[in-house]
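Protein chains in written order, with the working numbering: chain A, 1 to 549; chain B, 550 to 788. Just so it is clear, CB atoms sit at the ideal spot from N, CA and C, and this is done for glycine as well. Predicted, not measured: the structure shown is a model, and the values here were computed from it.
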Amino acid sequence: MTVDELQQLVAKEQEAKQRYKSCINVCVATGCIMCDSERVKEAIEEAVKERGLEKEVIVKGVGCLGLCSAGPMIYVEPEGIIYHKVSPEDAPAIVQGLISTPVERLVCPSEMPFFKRQVKIVMENSGTIDPERIEDYIAVGGYQALMKVLTEMSPSEVIEEVTKSGLRGRGGAGYPTGLKWSTVAKANGDRKFVVCNADEGDPGAYMDRTILESDPHRVIEGMVIAAYAVGAQQGYIYVRAEYPLAIKRLRTAIRQAERLNLLGNNIFGTTFSFHIELRIGAGAFVCGEETALIASIEGKRGTPRPRPPYPAEYGLWGYPTLINNVETFANIPSIIRNGGDWFAKIGTEKSKGTKVFALAGRVVNTGLIEVPMGITLREIVFEIGGGIPEGRKFKAVQTGGPSGGCIPEQFLDLPVDYESLTKVGSIMGSGGMIVMDETSCMVDVAKFFVEFCMSESCGKCIPCRVGTYHMHELLSRITSGIATMRDLELLEELCDLVKNTSLCGLGQTAPNPVLSTLRYFRNEYEAHILDKSCPSGVCPIRRLEEVPV
Amino acid sequence: MRAPVRIKTLTIDGKEVSAKEGETIWQVARENGIDIPTLCYLEGLSPVGACRLCLVEVKGANRLLPACVTQVEEGMEVTTNSERLVNYRRMILELLFSERNHTCSVCVVNGHCELQRLAQRLGVTHVRFPYRYPDLPVDASHERFAIDHNRCILCTRCVRVCDEIEGAHVWDVMGRGIKSQIIADLNQPWGTSDVCTSCGKCVHVCPTGAIFEKGKAVAEMEKRRQFLPYLTIMRGGKQ
Ligand SMILES: Cc1cc2nc3c(=O)[nH]c(=O)nc-3n(C[C@H](O)[C@H](O)[C@H](O)COP(=O)(O)O)c2cc1C
Ligand code: SF4
Ligand code: SF4
Ligand code: FES
């Protein structure tokens with residue numbers, strides 16, 4: 001494909017779209033498919049046909065619209081009407097609604113804060129383009145960034161732009177992306193690799209899955225740009241096997257991009273060539289850790305190794321390797337198209353851009369949200385999330401999954417950025433966000449995450465392998481009301497050991513849920529131990545006198 | 550012209566020492582008479598940094614570093630024996646003792662065991678964690694050797710020596726976390742392995758009584774590792 005051909009394709013697609021009066025976008029990401037959105041889509045297509053409106057109305061399968069708990073979701077253009085909880089039986093009414101008034105009972109007020117407060121960069125096309133058609137992506141400006149990079153920019157200019165944007169890795173640690181790219185670019189190696197980390201193993205997190213299901217080309221475009229910047233010839237996307245739909249759409253996307261020569265040899269007719277292959281992970285959380293991921297791609301047992309050397313110097317098969325998260329790559333096309341300065345204007349001083357979160361737990365609106373960095377937790381929980389249901393009282397919000405911590409009410413006005421979250425004992429993490437109310441027992445929550453780390457520990461190093469086991473045992477003693485204060489002391493000492501001596505991030509952060517709940521909810525631990533009672537009524541503590549003799 | 554050998558100067562436990570570029574903290578410490586505890590590390594095998602016993606403090610580093618894999622740098626200030634480090638080491642050994650069934654009094658290597666020796670050296674007199682008492686197998690299917698998983702500390706020395714030195718790759722690890730276990734070939738009885746050459750290298754690198762020679766009574770088994778440095782030198786590697 002040449003530059004002109006790309007522009008022609010854009011024009012053709014836009015013209016085709018203008019021929020239709022309306023477009024009914026039905027979400028076909030995993031969340032909505034689970035509640036039968038594919039049948040809804042078929043029913044709507046049927047209804048359109050019945051009324052003979054095929055020439056005026058186009059029905060499209062699109063990516064996630066965010067409010068996953070209220071699926072199946074539908075987005076009608078150009079009116080901008082959002083329908084939720086649609087069933088196949090509603091199809092005729094929805095098609096009728098195009099002509100008369102929208103179906104009142106299904107309308108989801110689009111001015112509600114859930115939609116209004118979000119800022120979309122990574123998810124900008126999610127819900128409006130068909131993820132299985134590359135033409136849809138190209139029509140909204142897709143691959144323009146790649147074209148610009150290959151025809152107008154030098155690799156160092158690309159890195160400079162990314163550095164200027166202030167983008168930091170979205171995989172958890174928040175390492176500056178521009179810095180990582182320049183390290184790989186400078187590293188010596190006759191071969192280099194670019195790897196996209198789509199292992200997403202945090203319980204409850206599905207940001208990366210959704211991005212891949214909703215807008216896979218965006219990630220591919222980001223990877224090709226990265227490859228050009230660092231001088232790589234081969235790329236891998238490491239996706240977990242539990243994401244069949246994401247895998248299917250990625251495969252389709254790679255094939256389409258190759259067909260249009262946006263991927264493969266001599267991209268855009270330049271001398272630059274880059275190939276992408278998928279690697280399917282067998283479902284180990286630790287394989288998301290970069291050195292374990294590399295071992296896994298190499299066909300070895302997926303266990304981490306000590307760093308340094310970092311993958312940037314010594315990665316896949318010993319060659320310099322750039323590893324970034326799905327969401328990190330998904331930001332790249334927008335940064336190149338709009339400039340690093342544009343991106344740097346969004347967010348806070350040290351955390352730029354937006355972050356996608358999987359909002360879950362005890363809030364009215366659960367689903368996927370994209371918010372600017374620096375937004376407060378209160379805004380997320382009470383405006384976007386719509387507050388706590390059933391008039392219950394907010395207790396804490398957990399960020400960062402098993403590596404993160406619980407943030408109590410007094411920090412609700414904390415801006416969401418890497419540093420602030422770390423300061424209060426949690427982390428940004430990859431984007432899991434679980435809201436808890438007074439019915440959650442914080443010891444039980446800590447135990448849940450420790451159990452996760454225990455069963456996901458790779459077993460290579462002793463502190464994590466055996467330490468997380470004993471942490472879980474001690475927490476179980478506490479939640480069953482048989483622990484002593486001595487157990488609590490031992491637990492704290494053990495947390496300190498596991499945190500400071502484990503080999504990789506899994507072990508090093510496994511104590512965080514315990515440490516943060518101990519920091520803010522120590523009284524709950526003490527209640528279990530001293531009063532033998534669970535203040536939230538979650539843990540099945542039986543008083544001695546209740547135990548039948 | 551010969552490539553220059555760069556020399557780094559650093560301090561270890563307050564002592565000024567010099568080292569060749571590329572040497573690890575552990576190597577330089579040992580050259581200077583400082584013995585940093587190790588379990589997974591064995592000279593001649595690739596280091597894996599897994600047991601975490603050799604962790605040391607390096608001034609300015611934001612975390613503890615494994616001496617067995619960390620290369621020296623100019624001006625490093627290394628502490629190998631602070632109270633904090635000793636406490637961590639003790640607790641790691643406690644974790645090991647609680648993990649499996651280490652009954653020294655009936656073990657073939659009693660008195661010659663690296664785990665036991667380290668525990669004595671570091672003053673581990675009791676274990677604060679409840680013992681797990683796992684139910685683990687003993688595989689005595691091999692003609693001359695046996696592996697008792699109850700005494701295995703998962704250091705993977707056997708895996709590495711078999712793969713890297715003998716080239717047979719009989720051993721590997723299966724499962725994860727606390728359920729990890731050493732396996733022969735595709736998790737089959739050792740005696741049925743077609744690739745095992747019965748060289749006995751794994752027997753002698755194993756730090757505990759997990760892999761042992763048959764026919765040895767309690768405390769009779771001593772491990773001989775002289776072959777490792779010998780082989781490494783003969784193969785042109787650095788000692
Ligand atoms: C136990 C563990 C699990 C991880 N899982 C993931 C993951 O699922 N996805 C991811 O992108 N990064 C994960 N990471 C972080 C990666 O090691 C790495 O830092 C990241 O992929 C770098 O990309 P970024 O700079 O774009 O964030 C994990 C780290 C650890 C320690
Ligand atoms: S910290 Fe846990 S997951 Fe990481 S290397 Fe050690 S045992 Fe494996
Ligand atoms: S059998 Fe011996 S050498 Fe092998 S992992 Fe276990 S303790 Fe280490
Ligand atoms: S000897 Fe260094 S980690 Fe085991």
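Pair within 7 Å by beta-carbon distance, A:Glu289 and A:Gly505:
In this structure, A:Gly505 lies closer than 7 Å to A:Glu289 by Cβ.
If we ignore side chains and look at the alpha-carbon of each, how far apart do B:Tyr590 and B:Ala599 end up?
Their backbone Cα atoms lie some 8 Å apart in a straight line.
Are the C-beta atoms of A:Gly386 and some chain B residue less than 7 Å apart?
A:Gly386 has a beta carbon lying at 7 Å or more from every beta carbon in chain B.
Following the continuous alpha helix (DSSP H) through B:Ile574, name the residue where it begins and the one where it ends.
Taken as a continuous stretch (DSSP letters only), the alpha helix (DSSP H) holding B:Ile574 covers 574-580.
With a threshold of 6 Å, establish whether the CB of B:Arg639 neighbours any heavy atom of ligand 4.
Not under cutoff, so the answer is no.
Kindly give me the distance between the Cβ atoms of A:Thr366 and A:Cys68, rounded to whole angstroms, as I take these residues to be in contact under 8 Å.
Taking 8 Å as the upper bound for CB-CB distance, A:Thr366 and A:Cys68 are in contact here, some 7 Å apart.
Who does B:Ala568 pair with in a DSSP beta bridge?
DSSP, once it has assigned bridges, lists B:Lys557 as partnering B:Ala568.
Please report the distance separating the alpha-carbon of A:Leu98 from that of A:Ser87.
About 17 Å.
Terminal residues of the continuous beta strand (DSSP E) containing A:Asn523?
That residue, A:Asn523, is in no beta strand (DSSP E); its alpha helix (DSSP H) goes 512-530.
Determine the burial state of A:Gln256: buried for a count of at least 16 other Cβ atoms within 10 Å of its Cβ, exposed for fewer.
With 16 or more Cβ atoms within 10 Å of its Cβ, A:Gln256 is classed as buried.
Relative to chain B, which residues along the region 193-205 of chain A have a C-beta separation below 9 Å, given in chain order?
So the list is empty, because no residue satisfies the distance condition.
With distances taken from each beta carbon to the nearest heavy atom of ligand 4, which residues come in below 6 Å, in chain order?
Residue selection by CB proximity (closer than 6 Å to any heavy atom of ligand 4) returns B:Thr587, B:Leu588, B:Cys589, B:Tyr590, B:Gly598, B:Ala599, B:Cys600, B:Arg601, B:Leu602, B:Cys603, B:Pro615, B:Cys617 in chain order.
So if DSSP puts A:Trp317 in a beta bridge, which residue, or which two residues, is it bridged to?
Beta-bridge pairing links A:Trp317 to no other residue.
Determine, using beta-carbon pairs with one atom in the region 478-487 of chain A and one in the region 366-375 of chain A, whether at least three such pairs fall under 8 Å.
No: the two stretches stay apart, fewer than three of their Cβ pairs being nearer than 8 Å.
Those residues which DSSP pairs with B:Gln730 across a bridge
Its beta-bridge partners are B:Met723.
Return helix, strand or coil for B:Gln788, following the three-state DSSP convention.
Confidence is the limiting factor: at B:Gln788 the pLDDT is only 45, short of 50, which leaves the residue's position unreliable and the question unanswerable from this model.
Can you tell me whether A:Glu157 is buried or exposed? The criterion is at least 16 other CB atoms within 10 Å of its CB, across all chains shown.
Here A:Glu157 is exposed. Its C-beta has fewer than 16 other C-beta atoms within 10 Å.
Let me check you understand the geometry: is the CB of B:Ala733 closer than 6 Å to at least one non-hydrogen atom of ligand 3?
Between ligand 3 and B:Ala733, a heavy atom-to-CB distance of less than 6 Å is absent.
CB of B:Arg700 within 7 Å of CB of B:Gly740, strictly
No, they are not a contact pair.
Would the beta-carbon of A:Tyr236 be found less than 6 Å away from any heavy atom of ligand 1?
No; taking the cut-off as 6 Å, the Cβ of A:Tyr236 has no heavy atom of ligand 1 nearer than that.
B:Ala689 to B:Thr746 span [Cα, whole Å]:
So the two alpha carbons sit approximately 16 Å from each other.
When the cut-off is 7 Å and only beta carbons count, does A:Thr501 lie next to chain B?
With respect to chain B, the C-beta atom of A:Thr501 has a partner C-beta closer than 7 Å.
Supposed close pair A:Leu503, A:Leu490 - CB separation, criterion 8 Å:
A Cβ-Cβ separation of about 22 Å leaves A:Leu503 out of contact with A:Leu490 under the 8 Å criterion.
Pop quiz: A:Asn25 and A:Thr128 are said to be a contact at Cβ under 8 Å. What is the actual Cβ separation, rounded to whole angstroms?
Indeed, because the Cβ distance is near 6 Å, the residues count as touching under 8 Å.
Please report the residue range of the alpha helix (DSSP H) in which A:Pro92 lies.
91-99 is the span of the alpha helix (DSSP H), which, as asked, contains A:Pro92.
Would you check if the region 217-227 of chain A and the region 346-361 of chain A touch, i.e. whether three or more CB-CB distances between them fall below 8 Å?
Touching, no.
Counting only beta-carbon separations shorter than 7 Å, does B:Met625 have a partner in chain A?
Interface annotation, B:Met625: not in contact with chain A, CB-CB separation never under 7 Å.
Looking at ligand 3, does it come within less than 6 Å of B:Leu685, judged from the CB to the closest heavy atom?
A distance criterion of 6 Å places the beta-carbon of B:Leu685 beyond contact range of ligand 3, judged by its closest non-hydrogen atom.
Using a cut-off of 7 Å between C-beta atoms, extract the partners of B:Ala717 located in chain A.
Taking a Cβ-Cβ threshold of 7 Å, none of the residues of chain A is close to B:Ala717; the smallest such distance is about 17 Å.
Taking its Cβ as the centre, do 16 or more other Cβ atoms sit within 10 Å of A:Phe115, making it buried, or is it exposed?
Residue burial is scored here from C-beta neighbours: A:Phe115 has at least 16 other C-beta atoms within 10 angstroms and is therefore classed as buried.
How is A:Ile44 classed by DSSP in three states: helix, strand or coil?
A:Ile44 falls in the helix class under three-state DSSP.
Starting from the C-beta of A:Asp136, find all residues in its chain whose C-beta is less than 6 Å away, skip the five residues before and the five after it, and write them out in chain order.
Around A:Asp136: Ile129, Asp130.
Is DSSP giving A:Cys32 helix, strand or coil here?
Residue state, collapsed to three classes: helix.
Counting only beta-carbon separations shorter than 7 Å, does A:Gly169 have a partner in chain B?
For A:Gly169, the answer is no, since every Cβ of chain B falls outside 7 Å of its Cβ.
Nearest chain A C-beta to B:Gly609 closer than 7 Å, yes or no?
Judged by the 7 Å Cβ criterion, B:Gly609 is not in contact with chain A.
Looking at the secondary structure, which residues open and close the alpha helix (DSSP H) in which A:Pro155 lies?
Counting along the chain, the alpha helix (DSSP H) containing A:Pro155 begins and ends at 155-165.
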